[in-house]
Amino acid sequence: MKSVKLYPKVAFDLFYEQFKWAIWFFSFLIAGHIIGMIIVARNDTSIQQFFVFSSQSVAIFMLVCGIIAAYAFMGYYVQHGITRKDLYVGTVISTLALALAVTLVPLAVNVIEHLISNLAALPIDTDAAPLYDPASGWFSAAGIFFLNAFTYHLIGWLIGVGYYRFGWVIGFGFVGIAIAALSLNGYFWGDGGLSSVIPWVPEIPADASPFLALAGSLLLIAVLLVSTRMLTKRISIKM
Amino acid sequence: MSKVFDSSKPIFMQVRELIEDQIVNDQLKEGDQAPSTNQLVSFYKINHATVSKGINQLVEEGILFKRRGIGMFVAEGAKETLMGQRKEAFVDNYVKSLMQEANKLGITQSEVIELIKNTKGSEF
Amino acid sequence: MAAKINLNDVTLRFGKFEALKDISLTLEAGKIHGLIGRNGAGKTTLLSLLAAFREPTQGHVEIDGEAVFENPEKMQQVGFIYEKNYADEYQKIPAMLEFPESYRPNYDKAYADYLLKRFNLPLDKPIYKLSKGMQSALNVVIGLASRTPITIFDEAYIGMDAPAREIFYQEILADQAKHPRTFILSTHLVSEMDYLFDNVVIIDHGRLLMNEDYETISAQGASITGAADQVDAFVSGMKLLNEQKLGGTKSVMVYGTLSEQRQLAARQQGLEIGPVSLQDLFIHLTEEAR
Numbered sequence: 012m013k014s015v016k017l018y019p020k021v022a023f024d025l026f027y028e029q030f031k032w033a034i035w036f037f038s039f040l041i042a043g044h045i046i047g048m049i050i051v052a053r054n055d056t057s058i059q060q061f062f063v064f065s066s067q068s069v070a071i072f073m074l075v076c077g078i079i080a081a082y083a084f085m086g087y088y089v090q091h092g093i094t095r096k097d098l099y100v101g102t103v104i105s106t107l108a109l110a111l112a113v114t115l116v117p118l119a120v121n122v123i124e125h126l127i128s129n130l131a132a133l134p135i136d137t138d139a140a141p142l143y144d145p146a147s148g149w150f151s152a153a154g155i156f157f158l159n160a161f162t163y164h165l166i167g168w169l170i171g172v173g174y175y176r177f178g179w180v181i182g183f184g185f186v187g188i189a190i191a192a193l194s195l196n197g198y199f200w201g202d203g204g205l206s207s208v209i210p211w212v213p214e215i216p217a218d219a220s221p222f223l224a225l226a227g228s229l230l231l232i233a234v235l236l237v238s239t240r241m242l243t244k245r246i247s248i249k250m
Numbered sequence: 026m027s028k029v030f031d032s033s034k035p036i037f038m039q040v041r042e043l044i045e046d047q048i049v050n051d052q053l054k055e056g057d058q059a060p061s062t063n064q065l066v067s068f069y070k071i072n073h074a075t076v077s078k079g080i081n082q083l084v085e086e087g088i089l090f091k092r093r094g095i096g097m098f099v100a101e102g103a104k105e106t107l108m109g110q111r112k113e114a115f116v117d118n119y120v121k122s123l124m125q126e127a128n129k130l131g132i133t134q135s136e137v138i139e140l141i142k143n144t145k146g147s148e149f
Numbered sequence: 059m060a061a062k063i064n065l066n067d068v069t070l071r072f073g074k075f076e077a078l079k080d081i082s083l084t085l086e087a088g089k090i091h092g093l094i095g096r097n098g099a100g101k102t103t104l105l106s107l108l109a110a111f112r113e114p115t116q117g118h119v120e121i122d123g124e125a126v127f128e129n130p131e132k133m134q135q136v137g138f139i140y141e142k143n144y145a146d147e148y149q150k151i152p153a154m155l156e157f158p159e160s161y162r163p164n165y166d167k168a169y170a171d172y173l174l175k176r177f178n179l180p181l182d183k184p185i186y187k188l189s190k191g192m193q194s195a196l197n198v199v200i201g202l203a204s205r206t207p208i209t210i211f212d213e214a215y216i217g218m219d220a221p222a223r224e225i226f227y228q229e230i231l232a233d234q235a236k237h238p239r240t241f242i243l244s245t246h247l248v249s250e251m252d253y254l255f256d257n258v259v260i261i262d263h264g265r266l267l268m269n270e271d272y273e274t275i276s277a278q279g280a281s282i283t284g285a286a287d288q289v290d291a292f293v294s295g296m297k298l299l300n301e302q303k304l305g306g307t308k309s310v311m312v313y314g315t316l317s318e319q320r321q322l323a324a325r326q327q328g329l330e331i332g333p334v335s336l337q338d339l340f341i342h343l344t345e346e347a348r
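Just so you know, the protein sequences line up as chains F, D and L, in that order. Just so we're aligned, residue 12 is where the first sequence starts under the working numbering, counting upward by one. Just so we're aligned, residue 26 is where the second sequence starts under the working numbering, counting upward by one. Just so we're aligned, residue 59 is where the third sequence starts under the working numbering, counting upward by one.
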């Protein structure tokens, strides 16, 4: 039997499965945004544009996807004769693709909303939110959105793997690590979040040094990738 | 283990007798394909090793022959050979035990002959 | 397509508990191996090593001479079928089968469809709604249709009724004749399945007790029936597995091989000699080790 590299196939299947979840998720989110627009229109106020509106929810969605991915796919793939390595590489590639997809969908919806608002007045707040400031360029806004989505999925994955491997008690420690990682991520991107969680950390706005933010974020991603690989490299499969 | 077989004799002997019986009473004619080992295993729930042992004996004795990739067939003259063997064994298997039992019960030789004559199905 | 399995001094510990102790064995390619052992003997643990679900603490697990753990080629060759929890499986059977179809190189869809029909499995119901027996039959279909060179059924019959188990056994034999592979059937239904085995592996308390072909194992014991005093005289000095008495007649099971001469001697004394079932041997061997 010729040994075939399986990770591209694994990557495609994992992406396809999670993209199906993402379609459901965006359907609800778009419905939510439309309902939101109807409500704010009555009160004569406005709502954030979809790209900004969805950012928090997308991050949470990716976190949950990551947790489920560890649980649902780890045993299943190895049972069918796929190595942990192929599964790992496949997961990383599929997560990159998924992060890209969940960045592009809100962008597309946002563009559509803008096109509609040119024809009819929509109660959308075009004032930029500080975190994803489209004013500083759509490309960088999308880039930050993408990195954020990717990081959240990796953190979810780490929690899932922690629980899978060590059970509930030690798994709970992984939630702690995850919160630290999330805060760190927020910290790099000038989210007030970290300072509100840990008061003694000084608040540094990201726009003060975008390069530092990017470097920190990439470093965090690297640490997450290495830890997950170490944890799954020789992991025992539950039956 | 299937109820067709009992523990009085090794099972592989009983397997070969089963095939022999089918040849003797013309269920399997010369040149016919005999049931395969796998069929016998599946049908009688007898282990492969046991069935093979029985079948191999028949092959060695020229009752069955193998055709590569096709299966087992009944050899030419198989029935005749078997009938000959069984006639030889008839005295050992049946007559001796008949007389042993008759001795125990005090039945004389002539009485035995008389009994045989009077037994239904003995006239032919 | 079949593959050979080698275990060299395999030990597996969970903390202080030794689940497997120093197991060395070879399972030949293309045969049906019966793995028997009492509950908790380590059957499933042993099989999970073959499927690369975990690594041994010590020793080597090899397929055709190569370590199996994280070996992409070897892992693809092993199909490990065991009782799964389908409580959350909302998929239907056809969707479920897409996965092995896409990841198992030898998967035969026509054969899978045929098996689904034979087991009478409903294709339009979510799997969690199927009975335990039907879920097990589905596992069996996956295991057989994947045609993995090493196919392991770990008590795969759980919940299946007698007719379904019968189909399972028939299909193993039928497919083995057409597409030989290495089967490992772990079971405690010894008397029901022993006719399938070419080779028998018995483990107890994580140790290997025996790994012999069926003929050798079944020649390791005999039953001797006849007049009580004659039987007693004949078997004196032999290891008795079991004895039963009915009036003056006694039936004794002994462990150990009987030479041709001894057999002849027994027959001349009017003693009947018969085989001992694998089940009886298994019960004896695992009791003795306790």
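Note that the Cβ used here is the ideal one computed from N, Cα and C, for glycine as well. Small disclaimer: the values here were computed from a predicted structure and weren't measured.
Taking C-beta atoms as the reference points, GLN327 of chain L and GLN288 of chain L count as a pair closer than 8 Å.
For the pair LEU155 of chain L and VAL119 of chain L, the CB atoms are not nearer than the 8 Å cut-off. For PRO238 of chain L, there is no enclosing alpha helix (DSSP H), as DSSP marks it with neither H nor E. Within the segment 124-156 of chain L, the complete alpha helix (DSSP H) segments at least 4 residues long are 130-134, listed from N- to C-terminus. Taken in chain order, the whole alpha helix (DSSP H) runs of length 4 or more contained in the segment 58-97 of chain D are 62-69, 73-85. With its beta carbon less than 8 Å from one in chain F, ARG112 of chain L belongs to the interface. For TYR215 of chain L, the secondary structure class from DSSP, reduced to helix, strand or coil, is coil.
A direct Cα-to-Cα measurement between GLY217 of chain L and ILE46 of chain F gives close to 50 Å. Boundaries for LYS62 of chain L: no beta strand (DSSP E) harbours it, and the DSSP string shows neither H nor E there. Secondary-structure assignment with DSSP links ALA280 of chain L through a beta bridge to L:VAL312, L:PRO333. According to DSSP, residue pairing for PRO184 of chain L in a beta bridge involves L:LYS150. Between LEU40 of chain F and SER65 of chain F, the gap from beta carbon to beta carbon is short of 8 Å. Look at GLU270 of chain L here: in three-state DSSP terms it is strand. In chain order, ASP212 place their CB closer than 6 Å to the CB of TYR140 of chain L, counting only its own chain and leaving out the 5 sequence neighbours on each side. Across the set D:GLY79, D:VAL99, D:VAL66, the C-alpha of D:GLY79 shows the shortest separation from the C-alpha of LYS34 of chain D.
Separation of ALA114 of chain D and ARG205 of chain L (C-alpha to C-alpha, rounded to the nearest whole angstrom) is 48 Å. The beta-carbon separation of GLU159 of chain L and LYS150 of chain L, rounded to 14 Å, does not stay under the 8 Å limit for a contact. Rounded to the nearest whole angstrom, the CA to CA distance from ARG265 of chain L to ILE81 of chain L is 6 Å. Here LYS303 of chain L carries a strand assignment [DSSP, helix/strand/coil]. The shortest CA-to-CA distance from LEU316 of chain L to any of L:VAL293, L:ILE261, L:ARG162, L:PRO238 is the one to L:VAL293.
In the displayed model, ARG205 of chain L falls within coil according to three-state DSSP, outside both helix and strand.
Scanning L:GLY98, L:LEU202, L:VAL259 for the CA closest to the CA of GLY92 of chain L turns up L:VAL259. Neighbourhood of TYR272 of chain L in chain D, by CB distance below 9 Å: ASN72, HIS73, ALA74, THR75, in chain order. If you compare the alpha carbons of L:ILE242, L:ALA87, L:VAL334, L:ILE341 with that of ALA109 of chain L, the shortest gap goes to L:ILE242.
For the segment 82-110 of chain L, the residues whose beta carbon sits under 8 Å from a beta carbon of chain F are, in order, THR102, SER106, ALA109, ALA110. Excluding five sequence positions before and after ILE208 of chain L, the CB atoms of its chain that fall closer than 6 Å to its own CB belong to ALA61, GLN135, VAL136, THR240, given in chain order. The three-state secondary structure of ALA285 of chain L, taken from DSSP, is strand.
For GLY87 of chain D, the closest C-alpha among the options D:ARG41, D:GLN64, D:GLY131 is that of D:ARG41. For ASN63 of chain D, the residues of chain L that pass the 9 Å Cβ criterion are LEU231, ALA232, GLN234, ALA235, in the order they occur in the chain. Residue environment: SER135 of chain D is assigned as exposed (fewer than 16 neighbouring CB atoms within 10 Å of its CB, all protein chains considered). If you compare the alpha carbons of L:ILE200, L:ASP146, L:PRO333 with that of GLN278 of chain L, the shortest gap goes to L:PRO333. Residue environment analysis places THR106 of chain F among the buried positions, since at least 16 neighbouring C-beta atoms fall within 10 angstroms of its C-beta.
The three-state secondary structure of LEU339 of chain L, taken from DSSP, is helix. Within chain F, the C-beta atoms nearer than 7 Å to that of PHE138 of chain L come from GLN90, in chain order.
One finds ASN72, HIS73, ALA74 in chain D with Cβ atoms closer than 9 Å to the Cβ of ASP256 of chain L, taken in chain order. Per DSSP, ASN257 of chain L lies in no alpha helix (DSSP H) segment; the continuous beta strand (DSSP E) that holds it begins and ends at 257-262.
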